[in-house]
Amino acid sequence: MKKIATREAYGEALAELGAEIPDIVVLDADLSKSTKTIDFAKRFPNRFFDMGVAEANMLGTAAGLAASGKIPFCSTFAVFAVGRAFDQLRNSICYPMLNVKIGASHAGISVGEDGASHQSIEDIALTRVLPNLTVIVPADAAETKKAVLAAVKIKGPVYLRLGRLAVPALHEDDFVFEPGKAITMREGSSATIIAAGLMMAEALAAANELANEGLEVRVVNMHTIKPLDAEAVIRAAQETKAIVTAEEHSIIGGLGSAVAEVVCEHCPIPVYRVGIKDSFGESGAPSELLQKFGLTSRHIADAVRKIKGLK
Amino acid sequence: MDQEVTARLEKKAKEIRRDIISMTAAAGSGHPGGSLSSADIVTALYFRIMRLDPERPAWPDRDRFVLSKGHAAPVLYSALAERGFFPTSELLTLRKLGSRLQGHPDMKSLPGVEMSTGSLGQGLAVANGMALTGKLDNRDYRVFVLMGDGENQEGMVWEAAMASSHYKLDNLTAFLDHNGLQIDGPVRQVMSIEPVADKWKAFGWDVQVIDGHDLSQIIKAVEKAKEVKGRPQMIVAETVKGKGVSFMENNVDWHGKAPNPQETEKALAELA
Chain A
684 MKKIATREAY GEALAELGAE IPDIVVLDAD LSKSTKTIDF AKRFPNRFFD
734 MGVAEANMLG TAAGLAASGK IPFCSTFAVF AVGRAFDQLR NSICYPMLNV
784 KIGASHAGIS VGEDGASHQS IEDIALTRVL PNLTVIVPAD AAETKKAVLA
834 AVKIKGPVYL RLGRLAVPAL HEDDFVFEPG KAITMREGSS ATIIAAGLMM
884 AEALAAANEL ANEGLEVRVV NMHTIKPLDA EAVIRAAQET KAIVTAEEHS
934 IIGGLGSAVA EVVCEHCPIP VYRVGIKDSF GESGAPSELL QKFGLTSRHI
984 ADAVRKIKGL K
Chain B
49 MDQEVTARLE KKAKEIRRDI ISMTAAAGSG HPGGSLSSAD IVTALYFRIM
99 RLDPERPAWP DRDRFVLSKG HAAPVLYSAL AERGFFPTSE LLTLRKLGSR
149 LQGHPDMKSL PGVEMSTGSL GQGLAVANGM ALTGKLDNRD YRVFVLMGDG
199 ENQEGMVWEA AMASSHYKLD NLTAFLDHNG LQIDGPVRQV MSIEPVADKW
249 KAFGWDVQVI DGHDLSQIIK AVEKAKEVKG RPQMIVAETV KGKGVSFMEN
299 NVDWHGKAPN PQETEKALAE LA
């Protein structure tokens with residue numbers, strides 16, 4: 684099956700929705716070929732604004748466009764969208780709850796060869812702490828397209844975390860995508876793996892591997908980090924008694940932390956977090972980096988074995 | 049402009065200055081200095097220049113005003129209340145728990161506030177966004193933005209200045225409240241922004257330098273700015289921090305301090 688990067692699907696979705704919704708405008712900070720907003724720019728040149736290498740100004744401008752009725756989508760790499768322009772995201776977008784959508788591409792370590800300066804491993808932590816902001820991490824192209832449409836329907840700021848690397852399609856048929864509602868990808872009662880983004884495919888592969896050993900684990904696709912589907916987390920904790928989280932992000936402050944917060948308060952059970960362990964990334968091929976930083980199906984399966992006392 | 053209009057505006061500016069003193073005194077904190085220095089600009093905008101309808105704060109064709117130097121909230125609140133956006137009786141709730149008059153403007157709570165500001169340097173970018181919408185939708189509203197001179201030290205101001213000019217936002221007029229003082233002292237000593245008019249010119253803006261306390265100069269400058277095609281306009285307003293209250297004028301201590309009861313009485317007497 685052909686793999687597609689979520690950024691590709693994002694670019695296509697924007698260009699498609701642009702035809703239906705004239706209020707959509709798109710801003711980019713000199714990365715439109717990489718973030719794929721170029722598809723929209725070509726079709727709707729008068730509704731596309733290249734803001735140059737000035738991310739803070741891009742977010743501020745988007746706030747003004749939203750305050751006057753437009754639905755702006757802003758794109759750049761996640762490391763800049765959140766890191767460089769955090770104050771603008773906080774004070775000019777989230778505090779006034781303006782209708783700005785951030786399509787942040789090249790999130791995580793799978794950026795690859797560009798190295799640590801471009802690998803955003805803290806953006807989930809930084810965005811999920813902001814009131815009014817919805818944080819979505821789609822796992823494949825189909826989810827991304829639905830997430831873009833959902834973002835348009837949400838009245839308020841939305842952060843979409845997108846990847847550079849092509850990822851497999853995880854949904855066979857049409858499926859329901861509702862922000863804040865986790866999708867159970869596989870049923871099981873021995874443990875639950877809760878994952879998001881490109882780690883979703885790894886989680887499913889880990890579940891397959893474990894099934895061969897007689898361990899049926901539930902796999903939950905937590906595409907929305909905020910608002911988190913606490914109900915799904917609590918159900919998993921009560922019914923499977925062990926949770927492993929998997930994310931292409933620091934284990935500090937991301938999906939794993941969000942899940943652990945809910946579990947600690949409502950039904951304490953063991954939670955293991957698979958993610959980047961408090962370090963910066965480095966240059967390398969994406970697959971090499973995912974291996975080195977512990978972000979593969981093997982690492983997830985090992986975590987499940989450990990949490991079950993099998994290793 | 050006839051003398052009657054000038055006299056009316058001068059009277060209004062004085063009322064706004066009185067409000068600023070009463071509000072900060074009642075709050076026990078706030079920023080009187082930079083509110084007083086911009087009182088004449090804000091008066092001219094809200095009582096002469098801008099197309100507004102207090103009954104319809106979300107009217108799509110209204111002119112917009114972004115107070116980028118959000119700490120001067122008292123001057124904005126006073127103008128909005130005096131213009132009828134909300135009751136003047138609410139002014140004395142400034143900075144109090146539960147008040148719509150937050151320490152820095154909150155667009156979600158108070159009608160007439162076009163943008164939540166307070167973190168310096170962000171207002172011009174927001175104003176650019178509003179001006180872009182005006183262009184996209186073929187609406188003839190104008191966008192005004194007021195920045196502080198200390199605020200011009202923020203790098204983002206210059207990112208935005210470049211963009212306003214690049215996108216030929218001639219429906220945008222900015223004011224620089226050039227009062228020369230910031231929290232740590234004179235702007236020239238803390239981090240000089242000079243020659244500031246030349247900087248704005250170099251960024252492609254139409255630039256005028258005026259006396260920011262002369263109401264007829266302010267109004268004339270905006271009329272002239274409206275004639276400029278293809279370029280945003282900057283009006284550098286030479287002002288006095290604390291203007292109108294003798295002991296606050298040119299005194300940096302009054303950047304972010306409220307007057308005590310004796311000082312309040314004295315200030316209000318001077319503004320009678």
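Protein chains in written order, with the working numbering: chain A, 684 to 994; chain B, 49 to 320.
In this text, a Cβ means the ideal position worked out from N, Cα and C, and glycines have one as well.
Given the structure is predicted, the values throughout are model-derived calculations rather than measurements.
Query                                                                                                                 : Result
Contacts of A/Y778 in chain B (Cβ-Cβ under 7 Å)                                                                       : S164
Distance between B/T165 and A/A822 (C-alpha atoms, nearest Å)                                                         : 36 Å
Candidates A/A824, A/R730, A/A913, A/E930, of which the one nearest A/I704 by Cα                                      : A/R730
Where B/D246 sits in the DSSP three-state scheme                                                                      : helix
Which residues DSSP lists as bridging A/C757, in chain order                                                          : A/L710, A/I785
Three-state class that DSSP yields for B/D154 in the structure shown                                                  : coil
Within 8 Å, strictly: CB atoms of B/A211 and A/M780                                                                   : no
Distance, A/A830 Cα to A/I837 Cα                                                                                      : 10 Å
Below-8 Å beta-carbon distance, B/L11 vs any chain A residue                                                          : For residue 11 of chain B there is no data in the structure shown, the boundaries of chain B being 49 and 320.
B/Y125 - DSSP class collapsed to helix/strand/coil                                                                    : helix
Interface flag, B/G115 vs chain A, CB-CB below 8 Å                                                                    : Here residue 115 of chain B turns out to be Leu, not Gly, going by the sequence shown. Chain A, which has no Cβ nearer than 8 Å to the Cβ of B/L115, makes this no.
Chain-ordered residues of the segment 742-771 of chain A with a beta carbon less than 7 Å from chain B                : G743, T744, A745, A746, G747, L748, A750, S751, G752, K753, D770, Q771
Buried or exposed by the 16-neighbour rule on C-beta atoms within 10 Å, applied to A/P840                             : buried
Test: B/K156 CB closer than 8 Å to a CB of chain A                                                                    : yes
Cα-Cα separation, A/L898 to A/I926                                                                                    : 14 Å
Secondary structure, beta strand (DSSP E): runs of 3+ residues fully inside the segment 76-134 of chain B             : 112-115
Distance, A/D770 Cα to B/L93 Cα                                                                                       : 29 Å
Beta-carbon proximity check, A/A941 vs A/L972, cutoff 8 Å                                                             : no
N-terminal and C-terminal residue of the alpha helix (DSSP H) that A/Q974 is part of                                  : 969-975
Within 7 Å of chain B by C-beta, residues of the segment 865-892 of chain A in sequence order                         : none
Between the CA atoms of A/E855 and A/Y693 - distance to the nearest angstrom                                          : 19 Å
Neighbour-count burial assignment, A/C947, 16 or more Cβ in a 10 Å radius                                             : exposed
Cα-Cα separation, A/A799 to A/G880                                                                                    : 19 Å
Any chain B beta carbon closer than 8 Å to A/F723                                                                     : no
Within chain A, partners of B/S167 - CB distance below 7 Å                                                            : D770, N774
Partner residues on chain A for B/M178, Cβ-Cβ distance less than 8 Å                                                  : G747, L748, A750, S751
Anticipated Cβ contact below 8 Å, B/D225 with B/L184, distance rounded                                                : Incorrect: roughly 30 Å between the Cβ atoms, too far for contact.
Proximity winner among A/A852, A/D706, A/A833, relative to A/A688 (alpha-carbon distances)                            : A/A852
Proximity test, Cβ basis, 8 Å: A/F727 and chain B                                                                     : no
Residue burial classification, B/R236 (beta-carbon count within 10 angstroms, cutoff 16)                              : exposed
Collapsed DSSP secondary structure at B/E286 in the structure displayed                                               : strand
Residue interval of the beta strand (DSSP E) (run including B/M195)                                                   : 191-196
At least three beta-carbon pairs within less than 8 Å, the segment 67-79 of chain B to the segment 140-158 of chain B : yes
Collapsed DSSP secondary structure at B/P234 in the structure displayed                                               : strand
Assumed close pair A/G747, B/M178 - CB separation to whole angstroms, cut-off 8 Å                                     : 4 Å
At least 3 beta-carbon pairs within less than 8 Å: the segment 807-825 of chain A vs the segment 979-994 of chain A   : no
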